[in-house]
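Counted the way the numbering used here counts, the sequence shown spans residues 303 to 409.
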Amino acid sequence: MNRVSRSIAQQLLDAELAINNTLASPTILAAVGLYGYSQIRMEAAKTLFQEALELTEKQKKEYGDQYEATAGVQRAWDGKRPWLTPLRSKLPASPFGATTPPAMRWG
């Protein structure tokens, strides 16, 4: 699977697995140490991973809050629409098939 098509959750899971396995195994730590990834750098990576995980969870929560607020506005708007239906029947037909107020038409 290429990097672009993996979800953020999958990327975080892969990073967590790599970091934890590296820190838990002296053999892996020695091998990656040859490439400049010391235990200190791996601990820093673990801290960075935790921050990324927290930010991702925060984003999910905020998206859920936004979605719920939008749904609330839609429910409120739906409750106010009954008066609009009789008015729409008196408007000329739109070239797109729906009735649209003249001020809202294109052109």
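Glycine included, each C-beta is placed from N, C-alpha and C at the ideal position. The model shown is predicted, which means the values in this text are computed figures rather than measured ones.
Item	Value
Nonlocal neighbours in the same chain, by C-beta distance under 8 angstroms from Glu345, ignoring five residues either side	Leu325
8 angstroms CB neighbourhood of Phe351 in its chain, flanking five on each side removed	Leu314, Ala317, Glu318, Ile321
Backbone secondary structure at Leu357 - three-state DSSP	helix
Sequence-distant residues of its chain with Cβ nearer than 8 angstroms to Gly409 (five each side left out)	Low confidence applies here, because Gly409 scores a pLDDT of 49, under 50, leaving its location unreliable; read the following figure in that light. So no residue of the chain qualifies.
Range of the contiguous alpha helix (DSSP H) that encloses Gly338	Here Gly338 belongs to no alpha helix (DSSP H), and DSSP marks it neither H nor E.
Rounded Cβ spacing between Ile310 and Thr372 (contact assumed at less than 8 angstroms)	The pair is not a contact, with the Cβ atoms about 22 angstroms apart (cut-off 8 angstroms).
Straight-line gap, Ser327 to Tyr339 (C-alpha atoms, nearest Å)	13 angstroms
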